[in-house]
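A.B. asks: If you count by my numbering, then the sequence shown holds residues 72 to 347, one letter each, in order. Ideal placement from N, C-alpha and C gives every residue a C-beta, glycine not left out. The structure's right below; bear with me while I get my questions together.
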Amino acid sequence: MIHQEPELVETIKDKVRILRLNRPKKKNAINAYLYTRICQALEEAATDPNTVIVVVTGTADYFTSGNDLSGIQDLGGKSSTGIPKKSDNRNDETPLKTLIAPDINRFHKFTASFIDFPKPLVAVVNGPAVGIGVTILGLFDVVYATDRATFHTPFVSLGQAPEGCSTYTFPRIMGPGKAAEMILFGKKINAVEACQLGLVTEVFPDACLDQVWSRIYQWAQLPPKTLISAKGMLRALKKDFLHEVNDKECNNLVERLQCDEFFTAMMTFFSRKSKL
Numbered sequence: 072m073i074h075q076e077p078e079l080v081e082t083i084k085d086k087v088r089i090l091r092l093n094r095p096k097k098k099n100a101i102n103a104y105l106y107t108r109i110c111q112a113l114e115e116a117a118t119d120p121n122t123v124i125v126v127v128t129g130t131a132d133y134f135t136s137g138n139d140l141s142g143i144q145d146l147g148g149k150s151s152t153g154i155p156k157k158s159d160n161r162n163d164e165t166p167l168k169t170l171i172a173p174d175i176n177r178f179h180k181f182t183a184s185f186i187d188f189p190k191p192l193v194a195v196v197n198g199p200a201v202g203i204g205v206t207i208l209g210l211f212d213v214v215y216a217t218d219r220a221t222f223h224t225p226f227v228s229l230g231q232a233p234e235g236c237s238t239y240t241f242p243r244i245m246g247p248g249k250a251a252e253m254i255l256f257g258k259k260i261n262a263v264e265a266c267q268l269g270l271v272t273e274v275f276p277d278a279c280l281d282q283v284w285s286r287i288y289q290w291a292q293l294p295p296k297t298l299i300s301a302k303g304m305l306r307a308l309k310k311d312f313l314h315e316v317n318d319k320e321c322n323n324l325v326e327r328l329q330c331d332e333f334f335t336a337m338m339t340f341f342s343r344k345s346k347l
């Protein structure tokens, strides 16, 4: 029997729970299972007395390449080349909306889980981050990154919409102009730039990234109830608003995923990918 590694490797040591994305062949792309499992893991960690801090990181060279787009090939049917297409039948709008509803619900719950998580959240960005792997960082308390990391949000070029509350957190963190460069125009930035903008807390040389763990384990010895109280105060005034942002972003995403520009962008994406 072939042993298959779990797509989310979860470990608990010295009150630190590590959630490690483990799809290295897919550059740790987040599929339907991972969206659901990460939500479950955060829910479990929230009430676990042995968990004081949660860390999210990736396996191998990537933090995450973002949302796994392979499932999108099933939307609206496929062409003879396996590339997604949109039916010309204008009456297909309701079935398509129904078809994408489970994905939108997963996105919504995923982001809500990070908004509501009561304990400190730390991201250790061990390599390139794309899409949701970038936008969700605005909901973490601390973000450490290797100097190999890059941050890319190509939503508009893919006919999609930003999520993870980034339409609020990015302008708040880095200012409206820099946020627009990333969200509207898909500007890719490196780790040093991300740190200068405030998206990343500190950058480590790749060979020294392990240094972050001793710091995190030390923090996990702090009084847990006091940590929860302090984080609650930090987020108290914006928590409800973040949920409103999440609602609006997901509603906008529903609209984008039904438009012609989205299907055209996906046809271009998969056509280019098939030639690699």
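Quick check on residue 94: buried or exposed, where buried means 16 or more other Cβ atoms within 10 Å of its Cβ?
C.D. replies: The residue you call residue 94 lines up with position 23 of the sequence shown. That one is buried.
A.B. asks: For the alpha helix (DSSP H) containing residue 238, name the first residue and the last one.
C.D. replies: The count along the sequence shown starts at 1 and reaches residue 238 at position 167. From DSSP, the alpha helix (DSSP H) with residue 238 extends over 237 to 245.
A.B. asks: Which residue marks the beginning of the alpha helix (DSSP H) containing residue 259, and which one marks its end?
C.D. replies: For the purposes of this step, residue 259 is identified with residue 188 of the sequence shown, where counting begins at 1. First-last for residue 259: undefined, no H or E at that position.
A.B. asks: Since residue 230 contacts residue 333 with CB under 8 Å, what's their CB separation in whole angstroms?
C.D. replies: Here residue 230 corresponds to residue number 159 of the sequence shown, with the count starting at 1. Here residue 333 corresponds to residue number 262 of the sequence shown, with the count starting at 1. About 4 Å separates the two Cβ atoms, so the contact holds.
A.B. asks: Please return the same chain residues whose Cβ sits closer than 7 Å to the Cβ of residue 83, not counting the five positions on each side in sequence.
C.D. replies: The count along the sequence shown starts at 1 and reaches residue 83 at position 12. Result list for residue 83: 121, 122, in chain order.
A.B. asks: Is it the case that the segment 182 to 198 contacts the segment 124 to 140, given that we only count it when at least three CB pairs across the two stretches are under 8 Å?
C.D. replies: Touching, yes, given that three or more Cβ pairs across the two stretches are closer than 8 Å.
A.B. asks: From residue 325 to residue 187, what does the alpha carbon distance come to, in whole angstroms?
C.D. replies: For the purposes of this step, residue 325 is identified with residue 254 of the sequence shown, where counting begins at 1. For the purposes of this step, residue 187 is identified with residue 116 of the sequence shown, where counting begins at 1. Taking the straight line joining both Cα atoms gives about 23 Å.
A.B. asks: Output the residue ranges of the beta strand (DSSP E) runs that lie fully inside the segment 247 to 316 and measure 3 residues or longer, sorted by chain position.
C.D. replies: 273 to 275, all fully within the segment 247 to 316.
A.B. asks: Please classify residue 169 as buried or exposed, where buried requires at least 16 other C-beta atoms within 10 Å of its C-beta.
C.D. replies: Reading the sequence shown from its first residue, position 98 is the one you call residue 169. Under this definition residue 169 is an exposed residue.
A.B. asks: With H, G and I counted as helix, E and B as strand and the rest as coil, what does DSSP make of residue 83?
C.D. replies: Looking up residue 83 in the sequence shown gives position 12. Correct three-state label for residue 83: strand.
A.B. asks: Based on the DSSP output, what are the partners of residue 222 in its beta bridges?
C.D. replies: Here residue 222 refers to the residue found at position 151 of the sequence shown. Paired residues: 200, 260.
A.B. asks: Using the rule of at least 16 other Cβ atoms within 10 Å of the residue's Cβ for burial, across every protein chain shown, is residue 159 buried or exposed?
C.D. replies: Here residue 159 corresponds to residue number 88 of the sequence shown, with the count starting at 1. Because residue 159 carries a pLDDT of 46, less than 50, the predicted location of this residue cannot be relied on, and no value is offered for it.
A.B. asks: What is the DSSP secondary structure of residue 122, reduced to helix, strand or coil?
C.D. replies: To locate residue 122, count along the sequence shown from 1; it is residue 51. Residue state, collapsed to three classes: coil.
A.B. asks: Quick check on the burial criterion: 16 or more other C-beta atoms within 10 angstroms. Buried or exposed for residue 99?
C.D. replies: Translated into positions along the sequence shown, residue 99 becomes position 28. Answer is buried; the Cβ neighbour count reaches 16.
A.B. asks: Less than 8 Å between C-beta atoms, sequence neighbours within five positions excluded: which residues of the same chain meet that for residue 228?
C.D. replies: Walking along the sequence shown from the start, residue 228 turns up at place 157. The residues are 257, 336.
A.B. asks: Can you tell which of 294, 213, 259, 304 has its C-alpha closest to the C-alpha of residue 225?
C.D. replies: One-based indexing of the sequence shown puts residue 225 at position 154. For residue 225, the nearest C-alpha among the options comes from 259.
A.B. asks: Using only alpha-carbon positions, find the residue among 116, 312, 171, 96 that is nearest to residue 90.
C.D. replies: In the sequence shown, the residue the question calls residue 90 occupies position 19. The candidate whose alpha carbon is nearest that of residue 90 is 116.
A.B. asks: Since residue 177 and residue 107 are thought to touch, with beta carbons under 8 Å apart, how far apart are those beta carbons, to the nearest angstrom?
C.D. replies: Taking the sequence shown and counting its residues from 1, one reaches residue 177 at position 106. Taking the sequence shown and counting its residues from 1, one reaches residue 107 at position 36. Right, their Cβ atoms sit about 6 Å apart.
A.B. asks: So for residue 89, helix, strand or coil by DSSP?
C.D. replies: For the purposes of this step, residue 89 is taken as the residue at position 18 of the sequence shown. DSSP places residue 89 in strand when its eight states are reduced to three.
A.B. asks: Are the beta-carbon atoms of residue 206 and residue 252 separated by less than 8 Å?
C.D. replies: Start at 1 with the first residue of the sequence shown, and residue 206 comes out as number 135. Start at 1 with the first residue of the sequence shown, and residue 252 comes out as number 181. For residue 206 and residue 252, no; Cβs fall outside 8 Å.
A.B. asks: If we call anything under 8 Å between Cβ atoms a contact, is residue 92 one with residue 135?
C.D. replies: Here residue 92 is taken as the residue at index 21 of the sequence shown, counted from 1. Here residue 135 is taken as the residue at index 64 of the sequence shown, counted from 1. Yes, the Cβ-Cβ distance between residue 92 and residue 135 is below 8 Å.
A.B. asks: Is residue 339 helix, strand or coil when you go by DSSP?
C.D. replies: As a first step, residue 339 is located in the sequence shown; it is residue number 268 there, counting from the start. If DSSP states are grouped into helix, strand and coil, residue 339 belongs with the helices.
A.B. asks: Taking residue 135 as part of the beta strand (DSSP E), name the residues at either end of that continuous run.
C.D. replies: Taking the sequence shown and counting its residues from 1, the one referred to as residue 135 is at position 64. From DSSP, residue 135 is part of no beta strand (DSSP E); its letter is neither H nor E.
A.B. asks: Assuming residue 213 is part of the beta strand (DSSP E), what are its boundary residues?
C.D. replies: As a first step, residue 213 is located in the sequence shown; it is residue number 142 there, counting from the start. That run of the beta strand (DSSP E) goes 213 to 217.
A.B. asks: By DSSP's criteria, residue 107 is part of a beta bridge. Which residues make up the other side?
C.D. replies: Locating residue 107 in the sequence shown gives position 36, counting from the first residue. BP columns for residue 107 are empty, so no partner.
A.B. asks: Are the CB atoms of residue 222 and residue 250 nearer to each other than 8 Å?
C.D. replies: For this step, residue 222 is matched to residue 151 along the sequence shown. For this step, residue 250 is matched to residue 179 along the sequence shown. Contact flag unset, no.
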